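Enquirer: Residues -23 to -1, 1 to 663 in mature numbering (1 follows the signal peptide of the UniProt record, and there is no 0) are what the sequence shown spells out, letter by letter.
Below is one structure. I have some questions about it.
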Amino acid sequence: MLSTRRPWATWVVAAFLFAAVVGTESSVIELGEFRVVQPKNQKLTADVAFANFGRPEYGGDLQGHLAIPFEDVRVLGQTCEELACKYSCESMKDRNYTVQTLMGLPAIMLIERGPKDHHCPFYDKAKYAQEAGAKALLIANYDDELFTMTLPEDDNSWSYNLTIPVALMKRSDADKIIQAYDEDPLLIGSMNWTNNIPQGAKVHWEYWISSDDACGVKCEKQKQFARNFAPIAQILEQNGWTEFQPHYMMWTCPAKYRNTTLCDNLCIEGGEYCAPDPEQDEEAGYDGKDVVIENKRQICIYKQANASGEPWFWWDFVQKFDSECSMTKSTYDEECSERAFLDVGGSKLGGGLATLRSCMASNESIAYLQAEVDAQVSSDVVILPSIIIEGHQYRGALHAGSVLKALCAAFYKDYDNHPNVCTCTSVPDSQLMQCISQNGNDVCKKGKAGDVACSKNANGITKCMEDIAPPFYKCGCEAGFELVTDKDGNQVCHDINECKTKAQGIEDCTCARCACHNNIGSFVCESDLPNACRKNNGGCWQDTVNGKYHTACVDRIADYKAAAESGLNVTVDTFKMFNCTCPPGFRQDPSVWKKGTSCIKECKGTSEYDPVTGLCVQDASNAEKESGSGTAALSMGMVGGIIIAVLLVAGIGFGIYRYRIRTYMDKEIRSIMSQYMPLDDNNNQA
């Protein structure tokens, strides 16, 4: 929830408390080795501490010629005053200093840290060394202390793509190596990472973070890593190569500050589990306890996913949470987190949202928080984010390719089941995802990630198909199905009637005596279907009437084809391929009970049934044969009578016509004449 106003001094105390709690544990130092391999008379070996940035070559080594910038104080006895030493804190290119390969070997640069009063970030030194052409950097300390060099928190170092390994060397070891360099500048050395991580058949690793997203560029880099590494982590986890667990850093409020406003704002459970204020804003924004609560929710989500056999679900969730839930947008809350959980399929995990809410309200979640605090202490984790591989802290950039290289270095070199994706550790960043997609393409094999995920779909979208984009598979419809949207708006796989598509043009499916059977996801052609009416007329009635053959047997091939095409399970043995039905013009003999076995002619005598009009009509040829000449004479008389009747009607009509014409003409003539002389009719008018 959003905080209330509190004094600025509270933040000073809060920062002090956090530093006091986590600062009591020293950061674990990951040691490597630098040794001189040429000339052979120089047998120099030095322990080095890898920085928490750059890209160590985990699992391998790097040979190169030693390069020391001319400005460095200890070269050839010159003094810093003479050289105006900058301790590599300015661009070397501006001083026209670059290093090249020598005898095919890259340059391993050695520079000075500088005196105690010289404040120059280690990261800047590494950046300028990389710009000058160095492929690895050794920084000589001003004393014999080794520690983990980290990124500064108050600049944009996270935005620079540092690709070289960086390590800190003791003063005494650096002096010996510089002396050997003075004697012979052609000094070839080797940095080794082969034994930094224990090896095994299955790699266990942890990722330490916080759900806080108000840490600027650092948080953006953390989100970017989750997006880029999620598909790789999921492939490794789903194939059983790794066992991953996320962790969330928290601390405990000291006893003397319990029951204070400070602990109330930063902690839950009476000060047992705390987080720094994310925005360091004394007047507004989110509290540290908001971060702890979200940390607890994300731990519950991982536990629920792991119990459901899908621990890789956590990666899907954090990506969605990072993109949707933000402190700057005031969406960093329970509602947004639960929505992200559901959007990526949380309802499919055991118990869904109800289980998640139950975890948040239970004492079990408090036990989870305590386990996080205990693990943090035992692992000496003080830097966020941190990665621990087989109990050893990873040192290097939070970069997908670098972390993959470190994980792959933890597998037995002669292990038969070495992950395919480990072949991608040497490809350029721009080609990493393409390489992963090509070498992680067994996700659709039986029992693998894609197969397992797709087979759980209840809507029929169960076919796993390889894809070039993370997570390198997608679920689709099996052959013979198509993806449609049902009435409820859900996408489902619907069976395609392939008899209407693929079967068209196949002779065995479309011939006159053929049928296509539509099955779920497929079709079957059936040819040479028998005509039952050809064998003993199917046992139906048949007869020749008035010289024409008639049968009651009706072939049902069309009905059989329609039933097969619709998907009904029909065969010639189970489907009645014919019917006995009296043909048109005939009716069932009422004295015979079995339909179609005896038919009686509907039309009497020689008249025939006309299927067009449905009437009985006389067949002229038959009538002539039966009646002879008498019938012919009668027909001629009828024709004559018809002619006379026609002539009579015509005569009467002509007479009526003449009468009407004559009457009309008389009226016209009288009308004309009345204009020139009086007529009797006019005189009679008033």
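Note that CB positions come from ideal geometry on N, CA and C, so glycine has one too.
In this text the structure is predicted, and so the values were computed from the model without any measurement.
Does the distance from the CB of residue 145 to the CB of residue 116 come in under 8 Å?
Expert: Against a cut-off of 8 Å, the Cβ pair of residue 116 and residue 145 comes out as a contact.
Enquirer: Looking at the secondary structure, which residues open and close the alpha helix (DSSP H) in which residue 238 lies?
Expert: It spans 238 to 243 - the alpha helix (DSSP H) in which residue 238 sits, taken as one unbroken run.
Enquirer: Which residues does DSSP list as the beta-bridge partners of residue 667?
Expert: Coverage of the chain is limited to positions -23 through 663, which leaves residue 667 absent and any answer about it impossible.
Enquirer: Going by other Cβ atoms of all chains shown within 10 Å of its Cβ, with 16 needed for buried, is residue 221 buried or exposed?
Expert: Flag for residue 221 reads buried.
Enquirer: For residue 372, is the classification buried or exposed, using 16 other Cβ atoms within 10 angstroms of its Cβ as the cut-off for buried?
Expert: The residue in question, residue 372, is buried, as its Cβ has 16 or more Cβ neighbours within 10 Å.
Enquirer: Would you call residue 643 buried or exposed, if buried means 16 or more other Cβ atoms sit within 10 Å of its Cβ?
Expert: The residue is exposed, with fewer than 16 neighbouring Cβ atoms inside 10 Å.
Enquirer: Would residue 665 and residue 421 be called neighbours here (beta carbons separated by less than 8 Å)?
Expert: Coverage of the chain is limited to positions -23 through 663, which leaves residue 665 absent and any answer about it impossible.
Enquirer: Skipping 5 residues on each side, what residues in its chain have a beta carbon closer than 8 Å to that of residue 436?
Expert: 467, 468, 469 and 470, listed in sequence order.
Enquirer: Between the region 251 to 258 and the region 186 to 196, are three or more C-beta pairs nearer than 8 Å?
Expert: The region 251 to 258 is in contact with the region 186 to 196.
Enquirer: Going straight from the alpha carbon of residue 201 to that of residue 194, what length do you get?
Expert: Cα to Cα, the separation comes out at about 10 Å.
Enquirer: Less than 7 Å between the CB of residue 82 and some heavy atom of the ligand SAM, yes or no?
Expert: Judged by which ligands are present, the structure shown has none, so any question about the ligand SAM falls away.
Enquirer: Going by the CB atoms, is the gap between residue 169 and residue 41 shorter than 8 Å?
Expert: No, Cβ-Cβ distance for residue 41 and residue 169 is not below 8 Å.
Enquirer: At the level of alpha carbons, what is the spacing between residue 476 and residue 493?
Expert: Whole-angstrom Cα-Cα distance: 6 Å.
Enquirer: Within this structure, are the beta carbons of residue 209 and residue 25 separated by less than 8 Å?
Expert: Going by C-beta atoms, residue 209 is not nearer than 8 Å to residue 25.
Enquirer: Go through its chain and collect everything with a Cβ distance to residue 433's Cβ below 7 Å, but skip five positions before and after it.
Expert: Contacts found: 325.
Enquirer: What did DSSP end up calling residue 443 once you bin it into helix, strand or coil?
Expert: Strand at residue 443.
Enquirer: Quick one: measure Cβ to Cβ for residue 578 and residue 626, integer angstroms, because I've assumed they're closer than 8 Å.
Expert: Actually they are not in contact, since the Cβ atoms of residue 578 and residue 626 sit about 41 Å apart, beyond 8 Å.
Enquirer: Which residue comes first and which comes last in the beta strand (DSSP E) that contains residue 220?
Expert: Where residue 220 is concerned, the enclosing beta strand (DSSP E) stretches over 219 to 225.
Enquirer: With DSSP collapsed to three states, give me the class of residue 536.
Expert: In this structure, residue 536 counts as helix in the three-state DSSP scheme.
Enquirer: Provide the residue span of the alpha helix (DSSP H) that contains residue 293, from first to last.
Expert: Looking at the DSSP string, the run of the alpha helix (DSSP H) that includes residue 293 is 290 to 301.
Enquirer: Within the chosen definition, does the region 502 to 512 reach the region 478 to 489 through at least 3 CB pairs nearer than 8 Å?
Expert: The answer is yes - the region 478 to 489 touches the region 502 to 512, with three or more Cβ pairs under 8 Å.
Enquirer: Shortest alpha-carbon distance to residue 11 belongs to which of 101, 361 and 114?
Expert: Residue 114 is the option with its Cα nearest to residue 11.
Enquirer: How far does the alpha helix (DSSP H) with residue 476 in it extend, from its first residue to its last?
Expert: Here residue 476 belongs to no alpha helix (DSSP H), and DSSP marks it neither H nor E.
Enquirer: Please state if the CB of residue 320 and the CB of residue 297 are separated by a distance shorter than 8 Å.
Expert: In contact: residue 297 and residue 320 (Cβ atoms closer than 8 Å).
Enquirer: With the cut-off set at 8 Å, would you say residue 346 and residue 180 are in Cβ contact?
Expert: No, the pair does not count as a contact, with Cβ atoms beyond the cut-off.
Enquirer: If distances are taken between C-alpha atoms only, which option among 248, 223 and 243 comes closest to residue 233?
Expert: The option with the nearest alpha carbon to residue 233 is 248.
Enquirer: Given that a residue counts as buried once 16 or more other Cβ atoms are within 10 Å of its Cβ, and exposed if not, what is residue 448?
Expert: That one is buried.
Enquirer: Based on DSSP bridge pairs, tell me the residues matched to residue 452.
Expert: In DSSP, residue 452 forms a bridge with 441.
Enquirer: By the three-class DSSP mapping on this structure, what secondary structure does residue 158 have?
Expert: Helix.
Enquirer: Where does residue 397 sit, in a helix, a strand or coil, going by DSSP?
Expert: Of the three classes helix, strand and coil, the one that applies to residue 397 here is helix, per DSSP.
Enquirer: Considering just the uninterrupted stretch of the beta strand (DSSP E) at residue 564, what are its terminal residues?
Expert: Its beta strand (DSSP E) spans residues 563 to 565.
Enquirer: Helix, strand or coil for residue 56? Go by DSSP, reduced to three states.
Expert: Bear in mind that the predicted position of residue 56 carries a pLDDT of just 48, short of 50, making it unreliable; the figure below should be weighed with that in mind. Of the three classes helix, strand and coil, the one that applies to residue 56 here is coil, per DSSP.
Enquirer: Name the two residues that bound the continuous beta strand (DSSP E) containing residue 278.
Expert: First-last for residue 278: 265 to 284, but that is the alpha helix (DSSP H), not the beta strand (DSSP E).
Enquirer: Measure the Cβ-Cβ separation of residue 402 and residue 381 and say whether it is below 8 Å.
Expert: The answer is yes: Cβ separation under 8 Å.
Enquirer: Rounded to the nearest angstrom, how far is the Cβ of residue 561 from that of residue 528, given a contact under 8 Å?
Expert: Not really, about 12 Å apart at Cβ, beyond 8 Å.
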